[in-house]
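Q: Can you keep this structure in mind? I'll have questions shortly.
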Amino acid sequence: MHKIEFSEAEKDIYLDDIETIVSMSSNSSSYTNKIILSSLFSALISLPSINYYWGISLVSLSILFFLLVKYLTLNNFQKVVNYNIYLYMILQTGMIFFLTVFLYIKKDSYHIAPVIYIIISYMISLFIVYFKTSNLLRAKYKLEHGKWSKKSEFFATKTSKLLQIFVILIVLGAIIYRINRWWLLNVDITFESVSIAEYILWGGGLILLLVGLTLLPTLLIKPESIVKYKLIEKYAEEFRERYDYSKKEWYGDN
Numbered sequence: 065m066h067k068i069e070f071s072e073a074e075k076d077i078y079l080d081d082i083e084t085i086v087s088m089s090s091n092s093s094s095y096t097n098k099i100i101l102s103s104l105f106s107a108l109i110s111l112p113s114i115n116y117y118w119g120i121s122l123v124s125l126s127i128l129f130f131l132l133v134k135y136l137t138l139n140n141f142q143k144v145v146n147y148n149i150y151l152y153m154i155l156q157t158g159m160i161f162f163l164t165v166f167l168y169i170k171k172d173s174y175h176i177a178p179v180i181y182i183i184i185s186y187m188i189s190l191f192i193v194y195f196k197t198s199n200l201l202r203a204k205y206k207l208e209h210g211k212w213s214k215k216s217e218f219f220a221t222k223t224s225k226l227l228q229i230f231v232i233l234i235v236l237g238a239i240i241y242r243i244n245r246w247w248l249l250n251v252d253i254t255f256e257s258v259s260i261a262e263y264i265l266w267g268g269g270l271i272l273l274l275v276g277l278t279l280l281p282t283l284l285i286k287p288e289s290i291v292k293y294k295l296i297e298k299y300a301e302e303f304r305e306r307y308d309y310s311k312k313e314w315y316g317d318n
């Protein structure tokens, strides 16, 4: 994004975009409240892991606290243009640390499994965000991102579609469960009656469920909005002067 000049950026950013941002900046308190509520929600859903990994819960709360404080220190203009990114990061953190509960292994005294899961989850989710935005930049501004461009475009596109299908399957699964709950509760399953193939099938299903839930917050990412807002932030002074706004109108009182 640093390669895009102001002359290129202003071709896709119009007066309506600027007026919308200035208008939203004057009501930035609503964005602040949403971020605070999202932080509290993410903190609450990640708390159950304290029963197994108190250290990991502490890391989760520290990350959420850092993101919240960082957002609160932004001026009104920055709160608006960075809202979607912070919201995604907060909800992604909450989801990742919430799911560590399902990785509890009694003999894993050093908590290696959840630590590896957390690292890999952050890496994959951030790569998806990077791929989505870099693909848009490459398409709109003809920027080259190296030999991984085509692969990243394929990966980002397919991942988004698969996650949308995953959401549909979750909804359908919930409906089917409600309809057949009485029958499922009366099914008698013992360890002796379960075959190895069924163990593998259930294990694979649980892994897919874990991956799907982990990456679910990436559906919140809208590359067009991120690119547009980051360019407006990058050339904030140029756009402010271009459309004749005072610093108070543009940045707010703080």
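Mapping the sequence shown onto this note's numbering, position 35 (from 1) lands on 99, and the numbers just tick up by one. Quick reminder that beta carbons are idealized off the backbone N, C-alpha and C, glycines included.
1) Which residues in the same chain as residue 191 place their Cβ atom closer than 7 Å to its Cβ, once the five residues preceding and following it in sequence are excluded?
2) Evaluate contact between the region 75-89 and the region 123-138, counting only Cβ atoms and requiring at least three cross-stretch pairs below 8 Å.
3) Going by C-alpha to C-alpha distance, which of 83, 98, 119 and 140 sits closest to residue 92?
4) Is it buried or exposed, residue 118, if we count other Cβ atoms within 10 angstroms and call 16 or more buried?
5) Under DSSP, the alpha helix (DSSP H) around residue 134 begins and ends at which residues?
6) To which residues of the same chain is residue 197 closer than 7 Å at the C-beta, ignoring the five residues directly before and after it?
7) What do you reckon, are the CB atoms on residue 151 and residue 280 nearer than 9 Å?
8) Tell me whether the beta-carbon of residue 124 lies closer than 9 Å to the beta-carbon of residue 157.
9) Could you check what DSSP says for residue 90 in three-state terms: helix, strand or coil?
10) Quick check: what's the CA-CA separation for residue 314 versus residue 86?
11) Could you check which residue in 276, 161, 84 and 101 has the C-alpha nearest to that of residue 307?
12) Check for me: the alpha helix (DSSP H) holding residue 189 runs from which residue to which?
13) What's the gap between the Cα of residue 182 and the Cα of residue 164?
14) Relative to the alpha-carbon of residue 178, which residue among 142, 113, 102 and 316 has its alpha-carbon at the smallest distance?
15) Is DSSP giving residue 152 helix, strand or coil here?
16) Once the 5 residues before and after residue 147 are set aside, which same chain residues still bring their CB inside 6 Å of it?
17) Alpha carbon to alpha carbon, how far is residue 272 from residue 304?
A: Taking the coordinates as given:
1) Counted from its first residue, the sequence shown places residue 191 at position 127. Cβ neighbours of residue 191 beyond the five flanking positions: none.
2) no
3) Residue mapping note: residue 92 aligns to position 28 of the sequence shown, counting from 1. Per the Cα distances, 140.
4) As a first step, residue 118 must be located in the sequence shown, where it is residue number 54. Its Cβ having fewer than 16 others within 10 Å, residue 118 is exposed.
5) Here residue 134 refers to the residue found at position 70 of the sequence shown. Element bounds for residue 134: 118-136.
6) Taking the first residue of the sequence shown as position 1, residue 197 is located at position 133. Answer for residue 197: 287, 290 and 291, listed in chain order.
7) Taking the sequence shown and counting its residues from 1, the one referred to as residue 151 is at position 87. Taking the sequence shown and counting its residues from 1, the one referred to as residue 280 is at position 216. No, Cβ-Cβ distance for residue 151 and residue 280 is not below 9 Å.
8) Walking along the sequence shown from the start, residue 124 turns up at place 60. Walking along the sequence shown from the start, residue 157 turns up at place 93. Yes. Within cutoff.
9) As a first step, residue 90 must be located in the sequence shown, where it is residue number 26. If DSSP states are grouped into helix, strand and coil, residue 90 belongs with coil.
10) Locating residue 314 in the sequence shown gives position 250, counting from the first residue. Locating residue 86 in the sequence shown gives position 22, counting from the first residue. The alpha-carbon atoms of residue 314 and residue 86 are separated by roughly 6 Å.
11) Taking the first residue of the sequence shown as 1, we reach residue 307 at position 243. When only C-alpha atoms are compared, the closest one is 84.
12) Here residue 189 corresponds to residue number 125 of the sequence shown, with the count starting at 1. Per DSSP, residue 189 belongs to the alpha helix (DSSP H) from 176-205.
13) As a working note, residue 182 is residue 118 in the sequence shown. As a working note, residue 164 is residue 100 in the sequence shown. Between residue 182 and residue 164, the C-alpha separation is close to 8 Å.
14) Mapped onto the sequence shown, residue 178 falls at position 114. Answer by Cα proximity: 113.
15) If you number the sequence shown from 1, residue 152 lands on position 88. The answer is helix: DSSP assigns residue 152 an H, G or I state.
16) Counting from 1 along the sequence shown, the entry for residue 147 is found at position 83. 95, listed in sequence order.
17) Position 208 of the sequence shown, counting from 1, holds the residue named residue 272. Position 240 of the sequence shown, counting from 1, holds the residue named residue 304. Spanning the two alpha carbons is a distance of roughly 47 Å.
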